Amino acid sequence: MDELQKLSEKASWLWIDCLEPNDEELEIIAELLKETEVINAIKNRQVFSRYETINDYLLLSIPLVTFKDKLETSPIYVFAKEKRFITVRGTDSSKSIDNTLKTFQDCILKLKRSVFSPFIVSRLFHEVTNENLDGIMALRERIDEIEERALAKPGDKRISKAVFALKRQISTLERVLWVQRGMMLDMREGVVPAVESSEMDRQTLSYAINDISRELSLIDSYGNALDSILRLQDLGMIHRVERILIYLTLVTLLMNAIMILLEVDIFHILSG
């Protein structure tokens with residue numbers, strides 16, 4: 366902690382990147398922020414619906430989504446003030462952070478120190494939006510797999526369970542992306558305090574906002590695709606019931622025929 370304070374005093378601007386911080390490192394962050402409650406939010410991977418102000422720091426959470434077996438959200442937490450910029454994150458966000466750092470290094474000579482933080486925040490939003498598309502496309506692949514199973518076995522009840530599970534995850538993803546879009550709009554319009562975006566930053570945010578709008582349109586189409594699978598399942602169940610009714614009808618007719626034959630044989634025996 367003392368070393369950080371000394372470094373902060375010497376540096377005109379400092380970016381502290383905390384990757385998968387342990388409890389001890391989180392305590393140091395809490396000391397820097399002079400706030401302890403936010404640490405629980407970080408541990409729980411909470412996505413904030415808007416910017417927060419913690420003492421003299423601005424807090425933003427930039428939600429990165431991944432989809433493997435299920436949807437997961439790994440926020441990048443940004444704490445920004447005039448001379449200090451802190452990011453707290455997991456390993457999933459390394460690509461976005463690395464790309465942002467490279468762009469920052471390429472552009473640093475063109476930037477004033479006062480716009481370092483808004484430049485990095487806008488680039489992080491841009492990179493995370495691009496990376497979120499990978500998770501969204503992985504979700505599409507999962508829907509296609511379920512659709513193939515539904516066509517092969519339209520009466521499989523496990524398919525309906527999988528569809529409803531995906532619908533819940535899509536609903537969560539949609540809320541997360543709307544929150545991200547809202548924060549980017551606030552930044553572009555200058556609503557977020559302590560982050561005075563330059564024209565370059567506003568242009569970067571506009572590109573990211575357009576991208577996330579397209580992603581939301583894709584997600585809406587995914588909901589329609591899942592509804593189609595459920596309708597296919599309903600048709601499969603109807604056909605299954607129809608087949609059962611046909612079998613029952615045939616069995617009933619067969620039993621009636623047997624009963625008639627038995628009655629005829631008994632009549633012949635009695636009359637003979």
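Mapping to our numbering: the sequence shown position 194 is 559, numbers consecutive.
Ideal Cβ positions, reconstructed from N, Cα and C, are used throughout, including at glycine.
Everything numeric in this text was worked out from a predicted model, so none of it was measured.
Beta-carbon proximity check, residue i vs residue j, cutoff 8 Å
{"i": "residue 450", "j": "residue 487", "result": "no"}
{"i": "residue 577", "j": "residue 546", "result": "yes"}
{"i": "residue 429", "j": "residue 480", "result": "no"}
{"i": "residue 407", "j": "residue 453", "result": "yes"}
{"i": "residue 550", "j": "residue 584", "result": "no"}
Alpha carbon of residue i to alpha carbon of residue j, nearest angstrom
{"i": "residue 466", "j": "residue 515", "result": "45 Å"}
{"i": "residue 566", "j": "residue 394", "result": "27 Å"}
{"i": "residue 501", "j": "residue 438", "result": "12 Å"}
{"i": "residue 462", "j": "residue 378", "result": "18 Å"}
{"i": "residue 510", "j": "residue 391", "result": "41 Å"}
{"i": "residue 459", "j": "residue 399", "result": "27 Å"}
{"i": "residue 446", "j": "residue 375", "result": "16 Å"}
{"i": "residue 496", "j": "residue 522", "result": "34 Å"}
{"i": "residue 468", "j": "residue 527", "result": "41 Å"}
{"i": "residue 388", "j": "residue 557", "result": "30 Å"}
{"i": "residue 403", "j": "residue 491", "result": "25 Å"}
{"i": "residue 568", "j": "residue 414", "result": "23 Å"}
{"i": "residue 472", "j": "residue 478", "result": "12 Å"}
{"i": "residue 431", "j": "residue 620", "result": "59 Å"}
{"i": "residue 575", "j": "residue 582", "result": "11 Å"}
Per-residue DSSP class, three states only, for residue i
{"i": "residue 557", "result": "coil"}
{"i": "residue 410", "result": "coil"}
{"i": "residue 501", "result": "helix"}
{"i": "residue 376", "result": "coil"}
{"i": "residue 385", "result": "coil"}
{"i": "residue 476", "result": "coil"}
{"i": "residue 417", "result": "strand"}
{"i": "residue 617", "result": "helix"}
{"i": "residue 452", "result": "strand"}
Residue i CB to nearest heavy atom of the ligand MN below 7 Å
{"i": "residue 566", "result": "With respect to the ligand MN, the structure shown offers nothing to examine, as it has no ligands at all."}
Same chain, Cβ closer than 7 Å to residue i, five either side skipped, listed in chain order
{"i": "residue 508", "result": "531, 587, 590, 591"}
{"i": "residue 410", "result": "438, 439, 440"}
{"i": "residue 498", "result": "580"}
Beta-bridge pairing of residue i - partner residues as DSSP gives them
{"i": "residue 428", "result": "440"}
Same chain, Cβ closer than 8 Å to residue i, neighbours up to 5 away in sequence not counted
{"i": "residue 624", "result": "none"}
{"i": "residue 561", "result": "479, 480, 483, 555"}
Own chain, CB closer than 6 Å to residue i, minus 5 neighbours either side, in chain order
{"i": "residue 309", "result": "Because residue 309 is not part of the residues shown, which for the chain are 366 to 637, the question remains open."}
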